[in-house]
Amino acid sequence: MEESLDFNTAEFEALLNQSSELVLQQFEGIALKKGFHHKGQSVIEGWFDEPIPNHGMPVDILLKEVDEKIIQTATGNLGANMYGYVMAGGNQVGIIAEKLAATINQNVAKWHLAPAITEIDKRVVQWASEMIGFGKDVGGFLGSSGSSANLDGLTVARNVFFEKYDIRNKGLFGMAPMTVYCSSETHNSVDKSVQLLGIGNNQLRHIAVDNQFKIDLEALEYQIEADISDGCKPFCIIGNAGTVNTGAIDDLKALSTMAKKYGLWLHIDGAYGGLASSLESLKGLYEGIEHADSVALDFHKWLYQPFEVGCLLVKNWSNLKKTYFKQATYLDKSLEVEKGRLEFNEHHFLLSRSAKSLKVWMSIKAYGLTRIKSMIQKDIDLTKYLNNKITDSSDFELVAASDLAISCFRFTNGLKDAAAITALNKQLVPALERDGRVFITSTSLNGTFVLRACFINHRKTKASTDYLLEVIREVGARVV
Ligand SMILES: Cc1ncc(COP(=O)(O)O)c(C=O)c1O
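Numbering-wise (this note's numbering), the sequence shown opens with residue 495 and increments by one.
Quick look at the structure:
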């Protein structure tokens, strides 16, 4: 019988060193790292098209294969030339933390399965709350993403708001349609959550936005009143603390007043922009966030964590327990001696869960909040730098600037006709992907097709920003 899957110490050390070499290689010439490696889907599929191996292979050879097929073709999320979606570059302390977290293999399901990590999860929740000014002694949960934090927030909202209807036992049967409100610029994880929660997308009201892409408050109130008259049960407003398209921050103060007036739950999607509220320069824009009932945050965005880690904050732990607690004999803790142990499995749907908080906690301790905040500020300042360059140029046009770090613009190449500009930019996106030097995606604003650059990487510089425009110009000249 084989003893175990382990190597001897010398073998393991050699492999760790070999893998550390691969890590270090990623940081060589990082300033010019490609955004994308265009290999073709069928080629990459072919590399992995093999039967399940019955017999293992030497790991030093396997690491070479990993380097060649996976690391060298990895999309350039680490480097400064990534502008697509909301892709932060991670950080080096996070890399070290992930290795250690995998080594100790803690499971944050129960306190005694992960004593220190459970306490670190709780600490990170409090620090996040402090960062955004949400309050002291709040409850929260570290999940996979902003999407999961929105689902978590709306689940808590539904279960706590309708607790008196015993919704957890009776389900939604026989209830008046429950209505939810958000701006038309809200992230689609909210739509998905509303579907998953059985509320139904027909009950999700996408309210129009103003010319800054912020929710139109008059239209919102009009809709709430109309729904009440129609016999619906309004229960939740979702505010944006930074939309994914343009970084728009809704008037959170007005939303909290409106939620109070109608007795509604206020959930804020701060997955993209929530943590930027820690900047003194922006505090005013987030006024009202402290009155929310729940806030979704994403640490793999503006805390520069490696994927993946998101976070839901609620005003107290009991809201999570009311939402999720389910007795199970094998999880019974009546024989455990200490009362202070917080059991995360009683406060969420998930049971087994990794030590996601270790990388967050270690990064905050290693870099300090001041330095992290200065990186967020740099992202915002570089976006302004880009916007100014665009405005000063004769071959680009700025379509939407935001208070945060997203710029929406078009390459005009001197064209005047709107349809021709749209056609050029539509061709540019795949052409830039094929070129691969920079990675940028697009979106549509009020029906206008635009390029969208998101700055969320502490490795960006003015030079990398200039490079973006340079590459677009060069590739753009070729597609016309
Ligand atoms: C405003 C907003 N909400 C939610 C999400 C979803 O976050 P994740 O990609 O971590 O699921 C995003 C992602 O960009 C976002 O920008």
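Each residue gets a CB set at the ideal place from its N, CA and C atoms; glycine is no exception.
Query, Result
"Is the Cβ-Cβ distance between valine 632 and lysine 816 less than 7 Å?", "no"
"I need the DSSP call for arginine 931, collapsed to helix, strand or coil.", "coil"
"Which term fits tyrosine 716, buried or exposed, when burial requires 16 or more other beta carbons within 10 angstroms of its beta carbon?", "exposed"
"Starting from the C-beta of threonine 567, find all residues in its chain whose C-beta is less than 8 Å away, skip the five residues before and the five after it, and write them out in chain order.", "His531, Lys533, Ile538"
"Where alanine 596 and arginine 847 are concerned, what is the direct C-alpha to C-alpha distance, given to the nearest angstrom?", "12 Å"
"Taking DSSP's pairing of strands, which residues face proline 728 in a bridge?", "Thr673"
"Taking contact to mean at least 3 C-beta pairs separated by less than 8 Å, is the region 637–646 in contact with the region 792–807?", "yes"
"With leucine 711 as the anchor, note down where its alpha helix (DSSP H) starts and where it stops.", "711–723"
"Could you have a look at threonine 737 and say whether DSSP puts it in helix, strand or coil?", "coil"
"Between alanine 591 and glutamate 832, what straight-line distance do the alpha-carbon atoms span, to the nearest angstrom?", "29 Å"
"With a threshold of 16 other CB atoms inside 10 Å of the CB of tyrosine 766, please say whether the residue is buried or exposed.", "buried"
"Which residue wins for smallest C-alpha separation from asparagine 599, given the options Thr906, Gly908, Lys850?", "Lys850"
"Can you list, in chain order, the stretches of the alpha helix (DSSP H) that have 4 or more residues and sit fully within the region 827–877?", "850–861"
"Got a sec: does ligand 2 put a non-hydrogen atom nearer than 6 Å to the Cβ of aspartate 875?", "Within the structure as shown, ligand 2 is missing, the only ligands being ligand 1."
"Following the continuous alpha helix (DSSP H) through glutamate 982, name the residue where it begins and the one where it ends.", "Outside the shown range of the chain (495 to 974) lies residue 982, about which nothing can therefore be said."
"Going along the chain, which unbroken runs of the beta strand (DSSP E) with 3 or more residues stay wholly within the region 640–704?", "672–677, 698–701"
"Which partner residues does serine 788 have in the DSSP bridge list?", "His761, Val808"
"Closer than 8 Å is the cut-off here; do at least three beta carbon pairs connect the region 638–657 with the region 880–893?", "no"
"Which whole-angstrom value is the C-beta distance of cysteine 730 and tryptophan 759, which I expect to be below 8 Å?", "4 Å"
"Applying the criterion that 16 or more other CB atoms from any shown protein chain within 10 Å of the CB defines a buried residue, is asparagine 644 buried or exposed?", "buried"
"Give the DSSP bridge partners of methionine 576, in chain order.", "Phe933"
"Got a sec: does ligand 1 put a non-hydrogen atom nearer than 6 Å to the Cβ of valine 674?", "no"
"Quick check: what's the CA-CA separation for methionine 856 versus lysine 755?", "42 Å"
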